[in-house]
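End of the sequence shown sits at 126 in full-length UniProt numbering; the numbers just go up one at a time, nothing left out. Think of the CB as a built atom: it goes at the ideal place given N, C-alpha and C, for glycine as much as any other residue. As structure tokens, the structure follows; a few thoughts come after it.
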Amino acid sequence: MSVPSELKYTKDHEWVKIEGDIATVGITDFAQGELGDIVYVEVETLDETLGKEEIFGTVEAVKTVSDLFLPLSGEIVEFNSMLEDEPEKVNTDPYGDGWMIKIKLSDLTEVDSLLSDADYKELIGA
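Quick look at the structure:
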């Protein structure tokens with residue numbers, strides 16, 4: 001199971017890549033493994049500004065539907081449209097082509113509340 005060291009993580013099993021005031025967000029390798037085969041990713045909050053931990057979308061797997069929680073406050077500025085036709089990218093490349101959204105951050109201090117790779121590994125028992 002992969003937990004890249006250059007990323008930050010949430011207790012809700014999302015990863016975050018910070019580049020200036022833009023954060024790219026997806027679900028972790030652990031999360032996609034727990035969900036199983038992902039068949040649909042829905043994000044209807046594009047161009048909306050949401051607070052940390054608000055629901056920004058859902059991911060549907062063969063077995064279940066799970067809410068996606070915003071790891072940091074900000075405006076959702078991009079959705080990975082590749083996932084409309086190829087939601088399985090979340091399973092095959094969760095840290096690459098399987099990314100979900102990009103956020104323009106409104107409060108950079110919130111980044112400090114995210115987990116390091118070591119903290120996330122401890123959370124999932126890796």
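Cα-Cα separation, Q32 to I38: 8 Å
Alpha helix (DSSP H) runs contained entirely in the region 2 to 38, provided each spans 4 or more residues: 29 to 35
The region 9 to 24 in contact with the region 105 to 121 per 3-pair CB rule at 8 Å: yes
Sequence ranges, alpha helix (DSSP H) only - wholly within the region 88 to 123, length at least 4: Within the region 88 to 123, the complete alpha helix (DSSP H) runs of at least 4 residues are 89 to 92.
Local conformation of D47 per DSSP, three classes: coil
Cutoff 9 Å: V3 Cβ touching any chain B Cβ: Considering every chain present, this structure includes no chain B. It has just one protein chain.
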